[in-house]
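Peer 1:
Number of protein chains: 2
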Amino acid sequence: MSSTFPEEKLDPRVKRTRQLLEQAFLDVVSQKGFQSVSVQDITGKAGVNRATFYAHFPDKYALLDYSVRQGFRQELEKRTLNVCTFSIENLRALIITVCEFISNASSHCNPPSPQFESVMETQVKAQLQELIQNWIQKLGSDVDPKIASTATSWAIYGLAMQWSHDKSKKRPSAEKFTDDVLPLIAGNLSLMQPA
Amino acid sequence: MSSTFPEEKLDPRVKRTRQLLEQAFLDVVSQKGFQSVSVQDITGKAGVNRATFYAHFPDKYALLDYSVRQGFRQELEKRTLNVCTFSIENLRALIITVCEFISNASSHCNPPSPQFESVMETQVKAQLQELIQNWIQKLGSDVDPKIASTATSWAIYGLAMQWSHDKSKKRPSAEKFTDDVLPLIAGNLSLMQPA
DNA sequence: TCGATTCTGTTGGATAAGCAACACTGGAGC
DNA sequence: GCTCCAGTGTTGCTTATCCAACAGAATCGA
């Protein structure tokens, strides 16, 4: 039903291979960082033939894309944010999810890589935008879904980035931070009841 | 080199399939017990086609055989008991290994099954016998390796079974129990220096 | 700069795994 | 007795993965 399921009934072998590659990819990236990792490293760790890798992904950048997209999607699904309607509580959960995802993912790439960060930004914002646009459309609000969802997804990502880059001792928890910025985002959405 | 490695360079696909089946088997057996578990349960859990199961094993009993053999072998390899020579310390480690393996394996089958116990006895004793025979032969002792290893493997298994079936509060630890019976087994082997 | 090594993509043919269908068995319930 | 149902093995065909080999790009040390 949902547009976010292009892959549901897939050949078990394909599913297995992709999972193996994804897991191996995360493992080796957390050890060597993204730049210095090779396709051979990944397939070796995964126990998958190198030719098979290229049957699924053109290169390691495509696998990075896939992994990030998949990872963030699973976080959304875990909290059932992909199958719900708009509410302040869900918006709050969404922002917290983004904060934790960015923070967690970044720490899993040693040393940090601009490529990695860039792909993460692209993929996460894309899914954010799609999800929020869906929320708005189901609301039947009079705001332009495309415009509002774009602005909101960028805003959320930017705030989450800033929060995750804050290495000071006084950085608040993701929940606390989210509560601070929640009114701003919600107002930005123009979805709260106007006074 | 070692005779205990009939499978070293195996097609990655078959290695993968067997691991999946073995893991799924252990999972479902610990949930439903061995008797009531079906091939469909196993393959379903493993995400492996049912026809593929039969390409590897004639039935679930064969998989039970394989799993037990594999499991015990891995315990031996973990302690490098498969690539060492005889010594009292290694004999001690071996007995402890058997005690813990039996105790652990039995508790992973709910409800307990006579089939399960029987297969475990056969497989464990067979590997014990092979290993001890190897030890004796490398010693160049004058005892008959076949005879001595058979008696010793039976003795060890019997003692370990008795220990693992002892559900009383005063059951000693596997290490303590082993220290108690170690002189007996070693003497049985006639491998200690005669007075 | 050059040679050597390592990694990258790609190919053709071999093999394992998936799938849908089939006949068969054995037990549960009527 | 009977049917019904769920599990078992087995089959022919399709598809994904493996493997060895290859040529070209990139990296590195002398």
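As given, the protein sequences belong to chains A and B, one line each in that order.
Taking my numbering, I'd label the letters of the first sequence as residues 10 to 204.
Taking my numbering, I'd label the letters of the second sequence as residues 10 to 204.
Quick reminder that beta carbons are idealized off the backbone N, C-alpha and C, glycines included.
Predicted model, so just to flag it, every value in this text is computed and none were measured.
(1) Between the C-alpha atoms of Ser112/A and Phe66/B, what's the straight-line distance to the nearest angstrom?
(2) Using the Cβ count rule (16 or more neighbours within 10 Å means buried), how would you classify Glu84/A?
(3) Rounded C-beta distance between Thr161/A and Leu198/A? I'm assuming under 8 Å.
(4) Residues of chain A with CB closer than 9 Å to the CB of Gly56/B, please, in chain order.
(5) Consult DSSP for Asp188/A and reduce its assignment to one of helix, strand or coil.
(6) At the level of alpha carbons, what is the spacing between Gly53/B and Ala64/B?
(7) Please classify Thr106/B as buried or exposed, where buried requires at least 16 neighbouring CB atoms within 10 angstroms.
(8) Would you check if there are 3 or more beta carbon pairs closer than 8 Å linking the segment 39–46 of chain B to the segment 32–52 of chain A?
(9) Given a threshold of 16 other Cβ atoms within 10 Å of its Cβ, counted over all protein chains shown, does Ala183/B qualify as buried or as exposed?
(10) So, with DSSP's three-state summary, where would you put Gly53/B?
(11) Quick check on Gly42/A: does DSSP put it in helix, strand or coil?
(12) For Asn119/A, does the count of other Cβ atoms within 10 angstroms reach 16, so buried, or fall short, so exposed?
(13) To the nearest angstrom, report how far apart Met129/B and Gln136/B are at their CA atoms.
(14) Helix or strand or just coil, what does DSSP make of Asn58/B?
(15) Is the beta carbon of Ile194/A sitting closer than 8 Å to the one on Ile165/A?
(16) Output yes or no for whether 8 Å exceeds the beta carbon distance between Ser115/B and Pro123/B.
(17) For Pro154/A, name the three-state secondary structure that DSSP assigns.
(18) Measure the alpha-carbon distance for Arg22/B versus Ala60/A and round it to whole angstroms.
(19) Quick check on this structure: which residue in Val46/A, Gln28/A, Gln146/A and Ser173/A has the alpha carbon closest to the alpha carbon of Phe110/A?
(20) Only counting the same chain, and skipping five residues up and downstream in sequence, which positions put a Cβ closer than 6 Å to that of Ala33/B?
(21) Would you mind working out which of Ser150/A, Arg82/A, Leu148/A and Arg180/A sits nearest Val133/A, comparing C-alpha positions?
(22) Cβ atoms of Leu73/A and Phe125/A: under 8 Å apart, would you say?
(23) Report yes if the C-beta distance between Leu148/B and Phe62/B is below 8 Å; otherwise report no.
(24) Is Cys108/A helix, strand or coil when you go by DSSP?
(25) Could you please give the first and the last residue of the uninterrupted alpha helix (DSSP H) stretch that includes Leu85/B?
(26) Just the C-alpha distance for Tyr75/A and Arg88/B, rounded to the nearest angstrom, thanks.
(27) Take Gln142/B as the anchor and find which of Gln44/B, Asn91/B, Gln79/B and Glu31/B has the nearest alpha-carbon.
(28) Shortest alpha-carbon distance to Leu191/B belongs to which of Leu140/B, Leu168/B, Gly80/B and Glu86/B?
(29) Indicate, with yes or no, if the ligand ATP has a heavy atom lying under 7 Å from the CB of Asn143/B.
(30) Could you work out which residue in Gln171/A, Val77/A and Ile104/A is closest to Thr131/A when comparing CA atoms only?
(31) Between Lys185/B and Trp163/B, what straight-line distance do the alpha-carbon atoms span, to the nearest angstrom?
(32) Closest to Leu100/B by C-alpha separation, out of Asn58/B, Trp144/B, Glu86/B and His117/B, would be which residue?
(33) Compare the Cα-Cα distances from Gly80/B to each of Asp175/B, His117/B and Gln171/B and report the closest residue.
(34) Mind checking which residues open and close the alpha helix (DSSP H) that includes Lys134/B?
Peer 2: On the basis of the coordinates in this document:
(1) Looking at the two C-alpha atoms, the distance is approximately 46 Å.
(2) Classification for Glu84/A: buried.
(3) The Cβ separation is near 6 Å, so the contact holds.
(4) Chain A residues near Gly56/B: Pro21, Lys24 and Arg25.
(5) The answer is helix: DSSP assigns Asp188/A an H, G or I state.
(6) The straight-line gap from Cα to Cα measures roughly 16 Å.
(7) Thr106/B should be labelled buried.
(8) Put simply, the segment 39–46 of chain B does not touch the segment 32–52 of chain A. Fewer than three CB pairs are less than 8 Å apart.
(9) With 16 or more other Cβ atoms within 10 Å, it is buried.
(10) Note: Gly53/B maps to helix in three-state DSSP.
(11) Correct three-state label for Gly42/A: coil.
(12) The residue in question, Asn119/A, is exposed, as its Cβ has fewer than 16 Cβ neighbours within 10 Å.
(13) One C-alpha to the other measures close to 11 Å.
(14) Note: Asn58/B maps to coil in three-state DSSP.
(15) Here Ile194/A is near Ile165/A, since their CB atoms are less than 8 Å apart.
(16) For Ser115/B and Pro123/B, no; Cβs fall outside 8 Å.
(17) Reduced to three states, the DSSP call for Pro154/A is helix.
(18) In a straight line, the C-alpha of Arg22/B is about 14 Å away from that of Ala60/A.
(19) Just measuring C-alpha positions, the residue of Val46/A, Gln28/A, Gln146/A and Ser173/A sitting nearest Phe110/A is Ser173/A.
(20) Within the same chain, Cβ atoms closer than 6 Å to the Cβ of Ala33/B are found at Ile51, Lys54 and Ala55, the five residues on either side in sequence being excluded.
(21) Ranking Ser150/A, Arg82/A, Leu148/A and Arg180/A by Cα distance to Val133/A puts Arg82/A first.
(22) Their beta carbons are under 8 Å apart, which means Phe125/A touches Leu73/A by this criterion.
(23) At a Cβ-Cβ threshold of 8 Å, Leu148/B and Phe62/B do not count as neighbours.
(24) In the structure shown, Cys108/A falls within a helical segment according to DSSP collapsed to helix, strand and coil.
(25) From DSSP, the alpha helix (DSSP H) with Leu85/B extends over Lys69 to Lys87.
(26) Each residue's alpha carbon lies about 40 Å from the other.
(27) Of the candidates Gln44/B, Asn91/B, Gln79/B and Glu31/B, the one whose C-alpha sits nearest the C-alpha of Gln142/B is Asn91/B.
(28) Between Leu191/B and the set Leu140/B, Leu168/B, Gly80/B and Glu86/B, the nearest pair of CA atoms involves Leu168/B.
(29) Among the components modelled here there is no ligand, and therefore nothing to report on the ligand ATP.
(30) Among Gln171/A, Val77/A and Ile104/A, the Cα nearest to that of Thr131/A is on Val77/A.
(31) Between the C-alpha atoms of Lys185/B and Trp163/B there is a straight-line separation of about 20 Å.
(32) Of Asn58/B, Trp144/B, Glu86/B and His117/B, the residue nearest in Cα terms is Trp144/B.
(33) Ranking Asp175/B, His117/B and Gln171/B by Cα distance to Gly80/B puts His117/B first.
(34) Pro123 to Leu148 is the span of the alpha helix (DSSP H), which, as asked, contains Lys134/B.
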